[in-house]
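**Q** Here it is: the structure, laid out below.
2 protein chains.
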Amino acid sequence: MQYFEDIPVGRTNSFGRYEVTREEVLDFASKYDPQGFHLDDEAAAKTHFGRISASGWHTCAMTMAMLVENMQNNRQAGLGSPGIDNLRWMKPVFPGDVLRCETTVIEKRRSRSRPEMGIFKSQIRVFNQNDEPVLEMVSNGLVQVRDPDAPIADG
Amino acid sequence: MQYFEDIPVGRTNSFGRYEVTREEVLDFASKYDPQGFHLDDEAAAKTHFGRISASGWHTCAMTMAMLVENMQNNRQAGLGSPGIDNLRWMKPVFPGDVLRCETTVIEKRRSRSRPEMGIFKSQIRVFNQNDEPVLEMVSNGLVQVRDPDAPIADG
C-alpha cells in the first residue's frame, strides 16, 4: 500500500488515456448539463465552441476515472477529498479527443485532529491528444498515515 | 431572455430538488469514481463515511443539473464557465438524500476583450433534506450582454 509517508512532494506523474466518445458526451450532458452547446450540433455551431463539446463536469468525471485508476495501480490508501481549488476548463473537450493526466504533489501535511490521516495538495493537469491543456485544478487528497504514532512535524 | 444587465449582485436564489438514488450513485461511481466507499456496502462501512456515499463529482453533476434547470427557467443567456473556485465537499451525500441549491451573485463585470460577454461570480451552496450544507463552490459564469455597445465601466 502507498501511504502518506510514501508520497514525494515535487514529483510529477503522467498517466491515463481516456477516449471521449460522442455517445458518452451526449449521455452525460442529457442527465446533468442539458445546455444546447453540449447536446445539439446546430446550437453548438452557433457558439464560440463551434461544435458539440463535453460538459466541464464530464471532463472532471473523466479525469477522476483516470485518477482513481492511477491510485488503484499504486494501491494508494486514499480516504477521499475535502475539495478542489482553482478548477479551470481551459479548452473545450470534443468527441474524439483522447485525454491524459499529469499530477504534481505541491505539499503535504499530517492532520492534527486525526493523526491517522494526512492531506496532500496536487496540481492536476489534463491534456488532449494535441498536448493542449484542457483542464487544471488543485486537488486536496486525504490519505492514510502508515505510522499514526509518529510525531507530527511543525510547519 | 435574461442578460448580463439583468443579473443583480447580492441577490440569493433558492431552487432545485434532486432525489439521490442508490442506483444512480452506483452507476456514476462505477463509471467515474470506482472507489470502494462509493460502490460497496461493506467497504463503505469501514470508512469514516459509514455507508455508501455519492462521488463528490456526482454531487457536482447533480448540482449542475439543478443550476441548468434554473438557468433555463430564467431563460438566462449563458455561455458556459471558465472555472470554479473553492469547491468543498462538506458532508457526504447518501442515497435517499434530497438536494437543493442556493446561489448568491457576488460580483459581475464586462469582458474587455469580448464586449458581448459578461462574467459573474456566484457563491453556490447545496443542502440536503436536513438543511445541512453538503457542497459549496464559487462559480464563474459567462453570459451574453444585451447591449454590447454600451461603455464598459471602470473598476
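Same order as they appear, the protein sequences are chains A and B. Going left to right, the first sequence walks through residues 1 to 155 as the numbering used here numbers them. Going left to right, the second sequence walks through residues 1 to 155 as the numbering used here numbers them. Glycine is no exception: its CB is placed at the ideal position from the N, C-alpha and C atoms.
Consider the Cβ of A:Met66: report whether some Cβ of chain B lies at a distance smaller than 7 Å.
**A** Here residue 66 of chain A refers to the residue found at position 66 of the first sequence. No, because no Cβ of chain B sits closer than 7 Å to the Cβ of A:Met66.
**Q** Based on the DSSP output, what are the partners of A:Ile124 in its beta bridges?
**A** If you number the first sequence from 1, residue 124 of chain A lands on position 124. Looking at the DSSP output, A:Ile124 shares a beta bridge with A:Thr103, A:Met137.
**Q** Name, please, each residue of chain A whose Cβ falls closer than 7 Å to the Cβ of B:Arg88.
**A** As a working note, residue 88 of chain B is residue 88 in the second sequence. What B:Arg88 touches in chain A: Pro82, Gly83.
**Q** Going by DSSP in three states, B:Asp33 sits in which element: helix, strand or coil?
**A** Within the second sequence, residue 33 of chain B is the residue found at index 33, counting from 1. Of the three classes helix, strand and coil, the one that applies to B:Asp33 here is coil, per DSSP.
**Q** Compare the Cα-Cα distances from B:Ile52 to each of B:Ile124, B:Ile106, B:Asp40, B:Ser139 and report the closest residue.
**A** Stepping through the second sequence from its first residue, residue 52 of chain B is reached at position 52. Of B:Ile124, B:Ile106, B:Asp40, B:Ser139, the residue nearest in Cα terms is B:Asp40.
**Q** Could you give the distance in angstroms between the alpha-carbon of A:Lys91 and the alpha-carbon of A:Thr59?
**A** The residue labelled residue 91 of chain A in the question sits at position 91 within the first sequence. The residue labelled residue 59 of chain A in the question sits at position 59 within the first sequence. So the two alpha carbons sit approximately 11 Å from each other.
**Q** Might you give, ordered along the chain, the residues of its own chain that have their beta carbon closer than 6 Å to the beta carbon of B:His38, omitting 5 neighbours on each side?
**A** Here residue 38 of chain B refers to the residue found at position 38 when the second sequence is read from its first residue. Answer for B:His38: Ala29, Ser55, listed in chain order.
**Q** Under a Cβ-count criterion, where at least 16 other Cβ atoms within 10 Å of its own Cβ denotes burial, should A:Gln72 be classed as buried or exposed?
**A** For the purposes of this step, residue 72 of chain A is identified with residue 72 of the first sequence, where counting begins at 1. Classification for A:Gln72: exposed.
**Q** Work out the CA separation of A:Glu116 and A:Gln144 for me, nearest whole Å.
**A** Walking along the first sequence from the start, residue 144 of chain A turns up at place 144. Walking along the first sequence from the start, residue 116 of chain A turns up at place 116. For A:Gln144 and A:Glu116, the distance between alpha carbons rounds to 6 Å.
**Q** For chain A, find out if any of its Cβ atoms is closer than 7 Å to the Cβ of B:Cys60; answer yes or no.
**A** Translated into positions along the second sequence, residue 60 of chain B becomes position 60. Among the CB atoms of chain A, one or more fall inside 7 Å of the CB of B:Cys60.
**Q** Short of 7 Å Cβ to Cβ, which residues in the stretch 120-154 of chain A face chain B?
**A** Those would be none; no residue qualifies.
**Q** Ends of the beta strand (DSSP E) at B:Thr12?
**A** Looking up residue 12 of chain B in the second sequence gives position 12. Residues 12-19.
**Q** Just to confirm the assignment, what range does the beta strand (DSSP E) spanning B:Gly83 have?
**A** Taking the second sequence and counting its residues from 1, the one referred to as residue 83 of chain B is at position 83. Per DSSP, B:Gly83 belongs to the beta strand (DSSP E) from 83-89.
**Q** Taking contact to mean at least 3 C-beta pairs separated by less than 8 Å, is the stretch 65-85 of chain A in contact with the stretch 97-107 of chain A?
**A** yes
**Q** Look at the Cβ atom of A:Arg75, then the Cβ atom of A:Glu136, and state whether they are nearer than 7 Å.
**A** Looking up residue 75 of chain A in the first sequence gives position 75. Looking up residue 136 of chain A in the first sequence gives position 136. The answer is no: Cβ separation not under 7 Å.
**Q** Just the Cα atoms here: how many angstroms apart are B:Pro34 and A:Ile106?
**A** Sequence index remark: in the second sequence, residue 34 of chain B carries index 34 (1-based). Sequence index remark: in the first sequence, residue 106 of chain A carries index 106 (1-based). One C-alpha to the other measures close to 25 Å.
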